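> Sharing a structure with you now.
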Amino acid sequence: MQTFTKAERLSSKVAIDKLFETGKSFHSAPFKICWLETIESKSPVQIVISVPKRSFKRSVDRNRLKRLIREAYRKNKNSFYEKLENKKILLMFIFTSKAMIEYTEMEEKIIIALQRLNKSINLES
RNA sequence: ACCGCAAGCCGUUCUAUCGCUGUCCCGACAUUUUCGGGAGAGAGGAAAGUCCGGGCAACACAGAGCAUCCCACUUCCUAACAGGAAGGCUUUCGCAGUAAUGCGCGAGACAGCAAGUGCCACAGAAAAAUACAGCCCUUCCGCUCGCGGAAAGGUGAUGGUGAAAAUGUGAGGUAAGAGCUCACGGAAAUAGUUGGCGACAAUUAUUUCGGGUAAACCUUGGGAGUUGAAAGACCAAAUAAACCGAAGCAUAAGAGCUGCUCGCUCAAUUCGGAGGGUAGGUUGCUUGAUCCUUUCGGUGACGAAAGGGCUAGAUAAAUGAUAGAAUCUGUUCCGGUGAAAAUUGGAGCUAGACAGAACCCGGCUUACAGGCUUGCUUUUUUA
RNA sequence: GGGGAAUUAGCUCAUUUGGCUAGAGCACUUCGCUGGCAGUGAAGGGGUGGUCGGUUCGAAUCCGAUAUUCUCCA
Numbered sequence: 403m404q405t406f407t408k409a410e411r412l413s414s415k416v417a418i419d420k421l422f423e424t425g426k427s428f429h430s431a432p433f434k435i436c437w438l439e440t441i442e443s444k445s446p447v448q449i450v451i452s453v454p455k456r457s458f459k460r461s462v463d464r465n466r467l468k469r470l471i472r473e474a475y476r477k478n479k480n481s482f483y484e485k486l487e488n489k490k491i492l493l494m495f496i497f498t499s500k501a502m503i504e505y506t507e508m509e510e511k512i513i514i515a516l517q518r519l520n521k522s523i524n525l526e527s
């Protein structure tokens with residue numbers, strides 16, 4: 403199923419702080435990606451999407467980018483889930499580019515980013 | 001018809017699939033919960049800026065004075081307002097007129113400088129009255145006796161200056177002058193009469209002639225307690241110097257969601273009770289000064305009645321993606337008319353401006369692709 | 001969501017209760033001292049005071065609107 407429920411979102415402030423302090427991170431095209439292996443979670447992956455106010459002053463632009471990222475992730479997460487092998491991780495996307503992009507481009511970048519994430523998780527374990 | 005300006009209104013629509021957030025219904029697990037299915041709903045005219053006003057809530061159901069801040073023609077509308085409507089007064093510009101004045105589109109933080117204080121650079125004698133020059137009289141001295149010098153006084157009529165110079169013109173009057181007096185004007189204050197709810201207008205009488213500046217201090221009248229949904233209430237595994245009751249309570253310092261003063265309340269310790277902070281959740285939260293239609297009242301803002309409707313409620317923050325169709329606009333290509341400008345037919349691509357609810361309303365301000373309606377101006381054509 | 005400040009020359013800052021041509025340091029240009037550079041001396045250019053409007057005879061200064069930036073409450 404290509405769903406995106408509330409359990410897949412990370413909203414605990416404590417968990418986000420922990421992700422920033424001890425998580426691993428790398429850059430991929432327009433994103434900076436932070437991730438951290440965890441134990442207690444209802445869903446295999448909990449994600450945070452962030453678009454900095456410094457890059458996009460209008461809330462319209464920030465909301466649109468977040469919606470595009472969410473949509474692209476929703477459609478392409480299943481192949482990513484299969485390679486996780488029952489691990490549970492916290493994940494954060496930070497959009498670091500300063501230019502707006504369209505959905506088709508966004509989808510390509512997300513696919514590339516998820517593939518790179520798979521590799522880096524497997525390397526760690 | 002076209003162009004421009006002003007005011008008002010609109011600011012995409014429909015279908016399908018995959019998702020997201022509430023609501024309602026049905027079913028499954030024994031309930032909370034979770035899962036599945038179905039129905040129906042889901043950003044704006046400014047949701048923005050946060051410039052005002054209210055509701056709501058807490059603080060002591062907040063009390064007095066001072067300070068501070070705000071408002072300022074009148075009446076009305078309104079829950080309230082610094083908003084709106086109608087009107088008065090002043091005034092820029094335009095038109096008409098010899099002029100007085102009238103009309104029209106606009107503008108106005110329009111109480112008071114005739115309460116006090118301050119300021120008014122440069123220039124100028126002087127910037128609100130201590131006389132610089134000039135003019136005039138008296139006294140004294142000199143004398144080439146028509147003049148010159150000195151002293152005391154009168155005088156705002158004369159001075160080129162300046163943004164601004166002491167009510168304008170004429171006559172009388174005087175040593176010279178002066179609203180000193182008079183005539184006709186101008187302005188202001190007070191009192192009365194008439195019209196108007198009122199601002200105010202007209203008019204009569206008396207008095208006065210007083211520069212500007214209050215978006216200078218200030219005076220007068222009116223108003224504001226402070227904080228702000230991250231307010232506040234509740235749930236909740238754990239054991240605070242916070243809370244409640246009693247004892248204590250003499251003074252001072254101290255504390256209190258207000259800048260100061262007063263007033264008020266509390267206040268170390270002991271005994272007993274009770275269960276808090278924080279993470280999280282529920283509530284506050286969307287039925288409301290509500291929206292739509294019709295009728296009535298009012299010049300109008302707006303109000304009243306009847307009928308109908310329920311129309312976002314997120315919280316690292318929902319309204320997105322894909323596909324198709326329609327229309328607006330823009331643009332490209334092909335063709336017709338035409339000298340050109342332009343206009344017209346077909347095909348392709350294209351919703352494309354400003355912009356995202358965060359407790360809720362009423363305004364104001366600012367941003368905005370394109371379209372519609374009304375009014376006015378210019379130009380052209382036709383009658 | 002709600003408060004508070006700032007904006008002046010290319011840069012960093014002054015200018016005090018409205019009034020003379022808005023000043024200072026660094027930077028820049030020209031000339032002199034040097035064989036040349038550095039350094040130093042002299043002279044000079046550069047501002048419509050963020051933008052728009054109002055009050056006033058007169059506004060960087062007073063008032064209103066607006067734009068941008070910074071900052072506080074968390």
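Numbering (the numbering used here), first residue to last: 403 to 527. Even for Gly, the Cβ is constructed at its ideal location relative to N, Cα and C. Just so you know, these numbers come straight off a predicted model, no measurement behind them.
Give a yes or no on whether the C-beta atoms belonging to P432 and T506 are separated by under 9 Å.
no
> Measure the Cβ-Cβ separation of I491 and V447 and say whether it is below 9 Å.
yes
> DSSP state of K489, grouped into three classes?
coil
> Give me the DSSP bridge partner(s) of K411.
Going by the sequence as given, residue 411 is Arg instead of Lys. Paired residue(s): I449.
> Taking C-beta to C-beta, are I451 and I471 nearer than 9 Å?
For I451 and I471, yes; Cβs fall inside 9 Å.
> At what residues does the beta strand (DSSP E) containing I435 begin and finish?
Counting along the chain, I435 sits inside the beta strand (DSSP E) bounded by residues F433 to T440.
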